[in-house]
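Colleague: One structure follows; several queries about it will come next.
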Amino acid sequence: MKRVVQGTSSSKLLKGGHLIDPLHGRNEPSDLLLEDGKVFAVAKPGELDTKASRLKAEKIDIKGAYIAPGFIDLNARMGEPGADPREALNRGAKSAAAGGFTSIACMPSFSEYNDNAFVTDFISRQAHEESCVRVFPIGSLTTKGKGEYLAEIGTMVHTGVVAVGDDSTCIKNSYLMRKAIEYTKAFNVPVFSFPQDPALVGRGVMDEGLNSCRLGLRGIPAAAEEVIVARDITLTQHACGRLHFSSISTKGSLELIRTAKSEGVQITAETNPQYFSLTSDMIRTYDSNFKCFPPLRGEDHVEAITTALGDGTLDAIASMHMPQSPSAKDLVFEDAAAGMIAFETVLPLVLELVRKERISLERMVYLLSTGPAKVIGLHEKGLGSLKVGAPADIVIFDTDKQYKYTSDRVCSSAKNSPFIGKTLQGVVLMTIVGGEIVNKGTGNDES
Amino acid sequence: MADAQKLEHLLGIEDLEVSSIRRLLDRGKKFKSDLEKGKKKFIHLRERTVVNLFFEPSSRTRSSFEMAAKRLDADNINFMADSSTSVVKGETLIDTAKILEAMSPDFLVLRHGSAGAPQLLSKKLEIPVINAGDGFHEHPSQALLDALTIETTKGSIEGLKVAIIGDIAHSRVARSNIYLLNKMGATVTVCGPPTLLPPHVGRLKVRETYSVQEAIEDADVVMILRIQFERQNTKQIPSNAEYYRLYGLNNNTARQLKGGAIIMHPGPMNRGVEISPQVADGSNSVILNQVTNGVAIRMAILACLEEDRNRGRV
């Protein structure tokens, strides 16, 4: 894998923070010493001072903030290849860093298809030049994402893709999906499934329910997701393969996943903050910033997702960062593009669940870092935890700070977020990748 | 009237207070009676300009709004955007509307194939927007003219039983009527094949049935909706023939109506698909009254919006 950050970084002592590292069961005040881009030592407060002085380490006072392994995103989108104006790679990476992400897995068809090794290599090289966070490309499962023929999965894996999937397109051909799950078993990467049956989605633009009925908008039934979740669980079970569900949004899907996991099927699943922070009620004014795919659902689904985040049914929270230009959003609801920029709002939205005591802070860090690392095998490279010797990919955050999320704050090239203008609570103070500080929030924003 | 809802736009019935509906209906009644006396010119909108911006083909709604504007002495232009060049060339809805607004009209009447288009424009423009039908969402002037028709034939809406039969899922007329009739105290039953009733419609405070007999047996008013070939994909009903057999208001089913029940249709009718020609032209039918009342109610809408706009200026 490409190293994002080159050169040896200076030694740093992170003092006075509270470390949360779910993989090692650490949840206590700790100091961390970073050396040569890696975690050099972890110890009780004060115990590393002598060692740090010997190494002439730069001392950084964390002042009681939380330290955790950097967040890892399984559902990001960047404007490369193709220099897509919706999200310049450097801006997107900056936005990810501002959200506490140190690694992002990029979906393969935001601009040009990543369906062969040349494109994979190009993305990795661009990222090496321009990105301040680690970029792990996801390969297209089928050529041009058309759902017809398998892409050269093996060659792409050897060039660096960490998973294969057709982005936000469902593989509608069950035979092809079966073959994809079987074929990828040779390469130890998961198949990413975006479970939304195209025939049942039809021309739907929002959750099918009372709101779609009232607003006269075509609905997308929960069944569109659940039939594919059921299908792909069955296929994975029979093929003894490994599969990951992106963007789970319905209660029924979670019940299927829970049962399958209890039976030992090798599946993992993620949801996105949209699906536990927002509901279809918010579409009442036809504000296209709330248009998402899968669509925002009702309260009962939100409740089921929140429960599933706590009980282990879901393995990860991913951003589903989806930058769009104003001209794609400033349209009637059904014509507007779906999705929202998301890197920078993930932490405050997940912290909301912590504040409501639906998940613990430790579980939050698991869902944002350790869990996603395991899904795409990055834990084997030491990512998703802060044990000694692991890459020094770190997020430092404050859980209490309140601030207004204004469009001036947004690091992304795009501004399509329904949270702009809203007050958020919880902020990333610093992001460190490979021992180097790539983002430094002032922490002094207006309250 | 100090606390009465101020009408800035007419986007839908759902957000209207009962007092506003009452006001529009009373004003419509007044215009209707003046028109029936032979009066053809009023001065409410003198020196005002009404733009009809229609993104879907429409003959009756557009000409009804045009007639209403002209009766009120407004200037009126029609911008038919269904196949017009600027739209074909990719101009967005907001751009088209802003171009028109730059010519200083006073009212915009909008028909659009997408639900929420009038809401979008009402946020972007400074002038009142009147929804003349948006996707499957609402068609408020139709519901108001239907209410005027019911009141002038049945006296009052309160306590009436109304059956709406047909393609409810793809009908803005059905939604606007459900809201209005509920607000005014009627009991509404919707009827159609399950595939043409929108999921969760029961939560809009209506009774659902798949049986026409059940829907009409005690109905005071029967509204037949058009089967919208142009709107639905084809997998929802097997054939027009089966639809007519099971859900059409034919001569036999019409005979089961109770005495004095009236039959309505927003048009355009598919004779022999949702309604038989004899029933459409029969003595219970008030379909042409609906059209006549359309002009009066649209005059009322324009006049009330003008009134409230002036109130805002003071």
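First to last, the sequence lines map onto chains A and B.
Just so you know, we're using our numbering here: the first sequence kicks off at -17 and counts up by one.
Just so you know, we're using our numbering here: the second sequence kicks off at 1283 and counts up by one.
Using N, Cα and C, we set each Cβ at its ideal position, and we do this for glycine too.
Note that the structure is a prediction, hence the values are computed from the model and not measured.
Going along chain A in order, which residues have a C-beta closer than 8 Å to the C-beta of H1419(B)?
Modeller: Locating residue 1419(B) in the second sequence gives position 137, where the first residue counts as 1. L197, G198, L199, listed in chain order.
Colleague: Reducing DSSP to helix, strand and coil, say where K1540(B) ends up.
Modeller: Reading the second sequence from its first residue, position 258 is the one you call residue 1540(B). Coil.
Colleague: In terms of residues, what are the limits of the beta strand (DSSP E) holding G234(A)?
Modeller: Working through the first sequence from its first residue, we reach residue 234(A) at position 252. Premise fails: G234(A) lies in the alpha helix (DSSP H), 233 to 244, not in any beta strand (DSSP E).
Colleague: A206(A) and L182(A): beta carbons closer than 7 Å?
Modeller: For the purposes of this step, residue 206(A) is identified with residue 224 of the first sequence, where counting begins at 1. For the purposes of this step, residue 182(A) is identified with residue 200 of the first sequence, where counting begins at 1. Yes, the Cβ-Cβ distance between A206(A) and L182(A) is below 7 Å.
Colleague: What residues in the segment 312 to 339 of chain A have a beta carbon less than 7 Å from any beta carbon of chain B?
Modeller: So the list reads D312, L313, V314, F315, E316, D317, given in the order they occur along the chain.
Colleague: Does the beta carbon of K20(A) sit closer than 7 Å to a beta carbon anywhere in chain B?
Modeller: Here residue 20(A) corresponds to residue number 38 of the first sequence, with the count starting at 1. K20(A) does not count as touching chain B.
Colleague: Please decide whether A1284(B) counts as near chain A, where near means a Cβ-Cβ distance under 7 Å.
Modeller: Within the second sequence, numbered from 1, the residue matching residue 1284(B) stands at position 2. Bear in mind that the predicted position of A1284(B) carries a pLDDT of just 49, short of 50, making it unreliable; the figure below should be weighed with that in mind. Chain A contact via Cβ: absent.
Colleague: Buried or exposed for L1528(B), going by 16 or more other Cβ atoms inside 10 Å?
Modeller: As a first step, residue 1528(B) must be located in the second sequence, where it is residue number 246. The residue is exposed, with fewer than 16 neighbouring Cβ atoms inside 10 Å.
Colleague: Closer than 6 Å by C-beta to T381(A): which residues in its own chain qualify, once you throw out the five before and the five after it? Chain order, please.
Modeller: Counting from one through the first sequence, the residue named residue 381(A) turns up at place 399. The residues are L333, G408.
Colleague: Are the C-beta atoms of G191(A) and some chain B residue less than 7 Å apart?
Modeller: Residue mapping note: residue 191(A) aligns to position 209 of the first sequence, counting from 1. Yes, G191(A) counts as interfacial toward chain B.
Colleague: Out of I230(A), G19(A), G359(A), L291(A), state which residue places its alpha-carbon closest to the alpha-carbon of C274(A).
Modeller: In the first sequence, residue 274(A) corresponds to position 292, counting from 1. C274(A) has its Cα closest to that of I230(A), out of I230(A), G19(A), G359(A), L291(A).
Colleague: Assuming D31(A) is part of the alpha helix (DSSP H), what are its boundary residues?
Modeller: Working through the first sequence from its first residue, we reach residue 31(A) at position 49. Start and end: 31 to 36.
Colleague: Using a Cβ-Cβ cutoff of less than 6 Å, which residues in the same chain neighbour G1415(B) once the five nearest sequence positions on both sides are dropped?
Modeller: Working through the second sequence from its first residue, we reach residue 1415(B) at position 133. Excluding positions up to five away in sequence, the list reads R1393, H1421, R1454.
Colleague: Going by CA-CA distance only, name the one from R68(A), T124(A), D148(A) that's closest to K311(A).
Modeller: Position 329 of the first sequence holds residue 311(A). Checking every option, the nearest Cα to that of K311(A) belongs to R68(A).
Colleague: Can you check whether the C-beta of S429(A) is within less than 7 Å of a C-beta belonging to chain B?
Modeller: By 1-based counting over the first sequence, the position of residue 429(A) is 447. Per-residue confidence for S429(A) stands at a pLDDT of 37, beneath the threshold of 50, marking its modelled position as unreliable; the derived number appears in the next sentence. S429(A) does not count as touching chain B.
Colleague: Compare the C-alpha of P1481(B) against each of M1466(B), D1449(B), G1467(B) and name the closest.
Modeller: What you label residue 1481(B) is simply residue 199 of the second sequence in a count that begins at 1. The shortest C-alpha separation from P1481(B) is found at D1449(B).
Colleague: Can you tell me which of P276(A), H140(A), P119(A) puts its alpha carbon nearest to the alpha carbon of I257(A)?
Modeller: The residue given as residue 257(A) occupies position 275 in the first sequence. The sequence given here has Tyr at residue 257(A), not Ile. Of the listed residues, the one whose Cα sits closest to Y257(A) is P276(A).
Colleague: Using a Cβ cut-off of 7 Å, which residues of the segment 256 to 268 of chain A contact any Cβ in chain B, in chain order?
Modeller: Result list: T267, Y268.
Colleague: Leaving aside the five residues before and after V420(A) along the sequence, list all residues of the same chain whose C-beta is less than 6 Å from its C-beta, in chain order.
Modeller: Here residue 420(A) corresponds to residue number 438 of the first sequence, with the count starting at 1. Contacts found: A79, C114, T413.
Colleague: Nearest chain B C-beta to S389(A) closer than 7 Å, yes or no?
Modeller: Residue mapping note: residue 389(A) aligns to position 407 of the first sequence, counting from 1. Not an interface residue.
Colleague: Sort out for me which residues DSSP pairs N1358(B) with in a bridge.
Modeller: Within the second sequence, residue 1358(B) is the residue found at index 76, counting from 1. N1358(B) pairs with V1332(B).
Colleague: Can you give the Cα-Cα distance for L238(A) and M1551(B), rounded to whole angstroms?
Modeller: By one-based count along the first sequence, residue 238(A) stands at place 256. By one-based count along the second sequence, residue 1551(B) stands at place 269. Roughly 47 Å between the two C-alpha positions.
Colleague: Let me know the secondary structure DSSP gives F1337(B) once reduced to three states.
Modeller: As a first step, residue 1337(B) is located in the second sequence; it is residue number 55 there, counting from the start. It is coil, neither helix nor strand.
Colleague: Specify, as a first and last residue, the run of the alpha helix (DSSP H) that Y48(A) falls within.
Modeller: Along the first sequence, one-based indexing puts residue 48(A) at 66. No alpha helix (DSSP H) holds Y48(A); the beta strand (DSSP E) holding it covers 48 to 51.
Colleague: Please list the partners that L1375(B) has in chain A, where partner means a Cβ-to-Cβ separation under 8 Å.
Modeller: Here residue 1375(B) refers to the residue found at position 93 when the second sequence is read from its first residue. L313, V314, listed in chain order.
Colleague: Which residues in chain A have a C-beta closer than 9 Å to the C-beta of R1508(B)? List them in chain order.
Modeller: As a first step, residue 1508(B) must be located in the second sequence, where it is residue number 226. Residues of chain A passing the Cβ test: none, with the nearest at roughly 16 Å.
Colleague: Is it true that the CB of V1411(B) sits closer than 7 Å to the CB of L1403(B)?
Modeller: Your numbering for residue 1403(B) matches position 121 in the second sequence. Your numbering for residue 1411(B) matches position 129 in the second sequence. Their beta carbons are under 7 Å apart, which means L1403(B) touches V1411(B) by this criterion.
Colleague: Give me whichever residues DSSP pairs with Y385(A) in a beta bridge.
Modeller: In the first sequence, counting from the first residue as 1, residue 385(A) sits at position 403. Answer is L406(A), bridged to Y385(A).
Colleague: Quick check on this structure: which residue in L14(A), A23(A), T32(A), R36(A) has the alpha carbon closest to the alpha carbon of Y48(A)?
Modeller: Here residue 48(A) is taken as the residue at index 66 of the first sequence, counted from 1. The option with the nearest alpha carbon to Y48(A) is L14(A).
Colleague: Which stretch, first to last residue, makes up the alpha helix (DSSP H) that contains T218(A)?
Modeller: As a first step, residue 218(A) must be located in the first sequence, where it is residue number 236. 204 to 221 is the span of the alpha helix (DSSP H), which, as asked, contains T218(A).
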